[in-house]
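Chemist:
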Amino acid sequence: FWHKGAHQQTVRLASDVVPTDNEVPIFLRSVDSGEYWGILLEKAYAKWVGSYEGLAKGFWTDAIQSFTGGVVERIKIQDEDGNMDGKLFDIMLTSYTNGSSLCCIKKIEDTSESSNVPNSRKQYHAYCLVQIDEDSTRPIHVLDPFTLQHHDLSYEQFREQYHRLDMCHTNLDNLSALQGRNILQTPWKKEMFQLQLENGCVEFNINLTGTSDEQERCILVIELIQKIKPDEGEKPRHVKPWEGLVCLVLEVNDEVFAIEVPQESHSFFLNPDTCGIKVSTDAEEHGEIYMRVCSKTGFKVEQNERLIKVATDCT
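Read in full-length UniProt numbering, the sequence shown has 44 at position 44, and its numbers run on one by one without any break.
(1) Around the C-beta of Q65, are 16 or more other C-beta atoms found within 10 angstroms, so that it is buried, or is it exposed?
(2) Mind listing, in chain order, the continuous beta strand (DSSP E) runs of no fewer than 3 residues lying wholly within the segment 224-286?
(3) So, under 8 Å CB-CB, A311 and G70 are touching, yes? Tell me the CB distance rounded to an integer number of Å.
(4) Out of curiosity, what's the CA-to-CA distance linking N207 and T274?
(5) Measure the alpha-carbon distance for R164 versus V239 and round it to whole angstroms.
(6) Name the DSSP beta bridge partners of S101, please?
(7) From the DSSP secondary-structure annotation, give me the bridge partner or partners of Y290.
(8) Within its chain, find whatever has a CB closer than 8 Å to the CB of K47; leave out the 5 residues flanking it on each side and keep chain order.
(9) Consult DSSP for T68 and reduce its assignment to one of helix, strand or coil.
(10) Residue range of the alpha helix (DSSP H) that K43 falls in?
(11) If you drop the 5 nearest sequence neighbours on each side, which residues of the same chain put their C-beta closer than 6 Å to that of E260?
(12) Below 7 Å CB to CB, which residues in the same chain sit around S265 once its five sequence neighbours on both sides are set aside?
(13) Here's a check: name, in chain order, each residue in its chain whose Cβ is nearer than 6 Å to the Cβ of R121, leaving out the five neighbours to either side.
(14) Tell me the rounded alpha-carbon separation between G50 and K229.
(15) Please identify the residue among K43, H150, I77 whose C-alpha is closest to the C-alpha of S176.
(16) Would you kindly report the start and end of the unbroken beta strand (DSSP E) that includes F1?
(17) Between which residues of its own chain and S114 is the CB-CB distance below 6 Å, once the five residues before and five after are set aside?
(18) So, under 8 Å CB-CB, Y290 and F193 are touching, yes? Tell me the CB distance rounded to an integer number of Å.
(19) By DSSP's criteria, K296 is part of a beta bridge. Which residues make up the other side?
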């Protein structure tokens, strides 16, 4: 599995036994009765998380990033500012066609008294977006992973029913902010750092050199990742990993973003210069926090004792 910048997390299974009910697997089930690899893959992931209970809810993006190492992007479908008008379908189609993984998030009401998950994190349900046709008049095909029910929706119905689009890109050229731009066809440069938030904050600079689009700007992608799964040999901090999440605030020059999910990326178009970065949290306790920095051109993260480089070319 991908973990902290590399596919370095190994899970060893002592047996192929999985939970069943009347000899039927309780969790993942294969369409082909003779196919078992997916069930074992799920068992390995559950062992890493700490239990099958840790898979019952949580974040689709956390799992898909563990499998692919891709960069996670989130887009509000019902954008109050109307910024997605006329763009969303093209973004979805381009990302889907070029191999990104997509899911759509629907708001739900969960009033279960047994749930200890904060209200802000229990009112959403993820659906897999499994087929998009280049003809926008044809239905969009989504799958509910819990009920295995398939739904065919028009684009208008899709926009009305779903709250957010989550995507995981192994090819960063698929990021929505880059689509339609004439950017350099060169490999991405990537580095990953562990952040030491002393007194809840870390500040540093990134020096950007060269340009990467027709407007002579530098493309910078920053992804914050909260580690909610244990290292090998480490005990899980929570039975339900998402309960360890905290709210992070990312500041890039004058732009500010609040992040309450395991991972989230933002794209910036900046002049070749020094860029100021600040990451902070009000939480007194938090797990390990990582930052992935990606660019088409040269960059250098200024040395800081609270920045520990853990990986280069971290996909």
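Note that the Cβ used here is the ideal one computed from N, Cα and C, for glycine as well.
Modeler: Result, derived from the coordinates:
(1) Residue 65 sits at position 65 when you count from the first residue of the sequence shown. Buried, since its Cβ has 16 or more Cβ neighbours within 10 Å.
(2) The beta strand (DSSP E) runs of length 3 or more contained entirely in the segment 224-286 are, from start to end of the chain, 248-252, 255-259, 263-270, 274-280.
(3) As a working note, residue 311 is residue 311 in the sequence shown. As a working note, residue 70 is residue 70 in the sequence shown. Not really, about 15 Å apart at Cβ, beyond 8 Å.
(4) As a position in the sequence shown, residue 207 is number 207, starting the count at 1. As a position in the sequence shown, residue 274 is number 274, starting the count at 1. Whole-angstrom Cα-Cα distance: 4 Å.
(5) What you label residue 164 is simply residue 164 of the sequence shown in a count that begins at 1. What you label residue 239 is simply residue 239 of the sequence shown in a count that begins at 1. Roughly 26 Å between the two C-alpha positions.
(6) Reading the sequence shown from its first residue, position 101 is the one you call residue 101. In DSSP, S101 forms a bridge with C168.
(7) Within the sequence shown, numbered from 1, the residue matching residue 290 stands at position 290. According to DSSP, which records beta bridges pairwise, Y290 is partnered with Q194, I225.
(8) To locate residue 47, count along the sequence shown from 1; it is residue 47. If we look at K47 and ignore the five residues flanking it on each side, its Cβ neighbours are V11, L13.
(9) For the purposes of this step, residue 68 is taken as the residue at position 68 of the sequence shown. Helix at T68.
(10) Along the sequence shown, one-based indexing puts residue 43 at 43. DSSP places K43 in the uninterrupted alpha helix (DSSP H) bounded by 37-49.
(11) Here residue 260 refers to the residue found at position 260 when the sequence shown is read from its first residue. Taken in chain order, the residues that qualify are C247.
(12) Taking the sequence shown and counting its residues from 1, the one referred to as residue 265 is at position 265. Contacts found: V71, V72, E73, V221, I222, E223.
(13) As a first step, residue 121 is located in the sequence shown; it is residue number 121 there, counting from the start. Here the model assigns R121 a pLDDT of 45, short of 50, so the residue's position is not dependable and the matter cannot be decided.
(14) The sequence position of residue 50 within the sequence shown is 50, counting from 1. The sequence position of residue 229 within the sequence shown is 229, counting from 1. Rounded to whole angstroms, G50 to K229 spans 8 Å at the Cα level.
(15) The residue you call residue 176 lines up with position 176 of the sequence shown. Ranked by Cα distance from S176, the options K43, H150, I77 are led by I77.
(16) As a first step, residue 1 must be located in the sequence shown, where it is residue number 1. That residue, F1, is in no beta strand (DSSP E); it is neither H nor E in DSSP.
(17) Along the sequence shown, read from residue 1 onward, the residue named residue 114 stands at position 114. Here the model assigns S114 a pLDDT of 43, short of 50, so the residue's position is not dependable, and the following value carries that caveat. Contacts found: none.
(18) As a working mapping, residue 290 is identified with position 290 in the sequence shown. As a working mapping, residue 193 is identified with position 193 in the sequence shown. Between F193 and Y290 the Cβ distance is about 7 Å, and since that is below 8 Å, they are a contact.
(19) Within the sequence shown, the letter at position 296 stands for residue 296. Checking the DSSP bridge columns, you'll see K296 has no partner listed.
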